[in-house]
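Novice: Handing you a structure now.
Residue numbers (this note's numbering): 2 to 155.
Right, dumping it as structure tokens:
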């Protein structure tokens with residue numbers, strides 16, 4: 002008599018769904034943490050003139066999962082000494098615009114939404130430069146960590 006193997010396809014499917022859900026949650030949480038670190042770094046290293054607080058207020062991030070915003074942070078209105086406060090909304094608007102360009106996979110978008118961002122960076126000021134360096138370094142660590150955690154899952 003031959004050997005007969007039976008597979009519980011429903012059970013396999015349920016297990017794969019569970020692993021996929023855990024993976025997605027870990028990646029999203031990790032991207033959210035990196036986004037928050039990027040915002041903190043950008044604000045801590047701010048070496049530019051921002052008397053109205055709009056440039057600093059426009060710094061924030063969004064995390065996307067297949068085009069859907071699942072987390073965001075930053076964009077906190079920072080009080081400057083002068084003028085109208087609209088930086089926070091400018092940052093949110095730019096993040097939303099950029100998010101529209103990404104419909105697949107996991108995406109972390111970190112922005113400084115004011116028009117003078119590129120000008121300040123061109124002057125050698127650190128608006129998002131240190132945050133970009135941090136994100137590049139951390140994303141590799143996080144992906145390796147998530148991969149290792151998934152291997153260890155029972």
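For every residue, glycine included, the Cβ atom is placed at its ideal position computed from N, Cα and C.
Would you mind giving the Cβ-Cβ distance between residue 109 and residue 3, rounded to the nearest angstrom? I have them listed as a contact below 8 Å.
Specialist: In fact, because the Cβ distance is near 52 Å, the residues do not count as touching under 8 Å.
Novice: Span of the beta strand (DSSP E) holding residue 92?
Specialist: Here residue 92 belongs to no beta strand (DSSP E); instead the alpha helix (DSSP H) covers 88-100.
Novice: What residue range does the alpha helix (DSSP H) around residue 47 cover?
Specialist: No alpha helix (DSSP H) holds residue 47; DSSP gives it neither H nor E.
Novice: Which partner residues of residue 109 appear in the DSSP bridge assignment?
Specialist: Answer by DSSP bridge pairing, in chain order: 64.
Novice: Check whether the Cβ of residue 97 lies closer than 7 Å to any Cβ atom in chain D.
Specialist: Looking for chain D here will not work: only one protein chain is present.
Novice: Got a sec? Which residues, its chain only, sit under 7 Å from residue 150 by beta carbon, not counting five neighbours each side?
Specialist: Taken in chain order, the residues that qualify are 27.
Novice: Report yes if the C-beta distance between residue 54 and residue 80 is below 7 Å; otherwise report no.
Specialist: Contact: yes.
Novice: Taking buried to mean at least 16 other C-beta atoms within 10 Å of its own C-beta, is residue 76 buried or exposed?
Specialist: With 16 or more other Cβ atoms within 10 Å, it is buried.
Novice: Under 8 Å by Cβ, that's how I've got residue 141 and residue 38 pegged, so tell me the actual separation to the nearest angstrom.
Specialist: Rounded, the Cβ-Cβ distance is 14 Å, inconsistent with contact.
Novice: From what residue to what residue does the alpha helix (DSSP H) around residue 55 run?
Specialist: From DSSP, the alpha helix (DSSP H) with residue 55 extends over 55-58.
Novice: By how many angstroms is the C-alpha of residue 104 removed from the C-alpha of residue 70?
Specialist: Using only the alpha carbons, I get a separation of about 10 Å.
Novice: Measure the CB-CB distance between residue 143 and residue 31 and report whether it falls below 7 Å.
Specialist: Yes.
Novice: Looking at the structure shown, is residue 145 part of a helix, part of a strand, or coil, going by DSSP?
Specialist: Three-state DSSP puts residue 145 in a helix.
Novice: For the beta strand (DSSP E) that contains residue 69, what are its first and last residues?
Specialist: 69-75 is the extent of the beta strand (DSSP E) around residue 69.
Novice: Please name the residue in 146, 132, 12 whose C-alpha comes closest to that of residue 46.
Specialist: Here the closest residue by C-alpha is 132.
Novice: Alpha carbon to alpha carbon, what distance is there between residue 107 and residue 72?
Specialist: Each residue's Cα considered, the two are about 11 Å apart.
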